[in-house]
Each structure stands twice: as structure tokens, then as C-alpha cells.
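The block underneath contains the structure these notes are about, expressed in C-alpha cells.
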Amino acid sequence: MKILVLDDDWELLEVIAKELAMANHEVDCSNCARKAVEMVAQKAYDFVLVDYKMPEKDGVWFMKIAKFAGNTKTLLITAFVNRDVIKKMFSLGVCGYVIKPFTGEEIIRHLQFYARPSAAKQSMKAE
């Protein structure tokens, strides 16, 4: 799968990129929402993992502005656990979320789950 990870924490980006690459995924990373908007406009990703809380532009801004090519699915990755934020991100198109801290194994498990055709419907029923 082609995956973009958007998070302002470079250390986390490096760890996630390494874990996903070891699982044979093609991974791009960005620590800037503005740059990530450009990246999704230029390349079709299977998944974009989006952090909510970032210094310049946040995940909400990214989800409102980004124009995804193909059938890109988005997952929220956040340590900022707030029902209103999660609800807002779902309303903008995320299909699920992973709470930090998480392991590479957890991310891979979530990607496998949400890659299934029926996963989005199952996720929406749970809300």
C-alpha cells in the first residue's frame, strides 16, 4: 500500500515509516499539513494517517483542504482524545482513529482492517 503519514513529530514519523516499510508498504512522511496537501494532490495514496494537533495547521485544516486522488482512506492518529475532535474528523472523512502512543503492529492491524471493503461501513455503525 502507498501511505502518507502526517505528524509534526519527526521521531514518530521515522518509527512509523520504518515499521511500515518493513511490512512492504511504500511510505511518505510530512511534518507539515501544507506540504501534505500538495503531496496528496500529486500522488494517489491508499491511506493517509493524519495527526490532529500540529503547530501551524491542524488535521481539521488538512482534511478540509486536501483533495485526495483515487480511493484514499484517512485515519486519525492522535494523543488528543476528545469526542468533539473525533466526531469532527469523522465528519471530514476519516474512517477510523488510533490513539498515541501506539506500536507499529497496531498501525498495521488498523490499516489491514480499514483496507477491507466493508470496514468503513462497520466503523460508521460503531459510532
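Quick note: the sequence shown uses our numbering, first residue 418, plus one each step.
All C-beta atoms, glycine included, are put in the ideal place defined by N, C-alpha and C.
A quick note: this is a predicted structure, and the numbers were derived from the prediction, not measured.
> Nearest CA to the CA of Lys505: which residue from Phe479, Glu473, Val422 and Phe464?
Replying inline: When each option's Cα is compared against that of Lys505, the closest is Phe479.
> For Trp427, which residues from the same chain have a beta carbon less than 7 Å from its beta carbon, with the 5 sequence-adjacent residues on both sides left out?
Replying inline: The answer, listed in chain order, is Asn448.
> Residue range of the beta strand (DSSP E) that Leu384 falls in?
Replying inline: This structure leaves residue 384 out entirely; the chain is present only between 418 and 544.
> Any idea if Ile516 is buried or exposed, counting beta-carbon neighbours within 10 angstroms, 16 or more meaning buried?
Replying inline: Ile516 is exposed by the Cβ-count criterion.
> Can you round the beta-carbon distance between Glu431 and Ala450 to whole angstroms, since I take them to be within the 8 Å contact cut?
Replying inline: Wrong, their Cβ atoms sit about 19 Å apart, outside the cutoff.
>> Can you tell me whether Lys460 is helix, strand or coil according to DSSP?
In response: The three-state secondary structure of Lys460, taken from DSSP, is coil.
> Between Lys419 and Phe530, what straight-line distance do the alpha-carbon atoms span, to the nearest angstrom?
Replying inline: Roughly 15 Å separates the two Cα atoms.
> Should Met471 go down as buried or exposed, given a rule of 16 or more other Cβ atoms within 10 Å for buried?
Replying inline: It is buried - the Cβ of Met471 has at least 16 other Cβ atoms within 10 Å.
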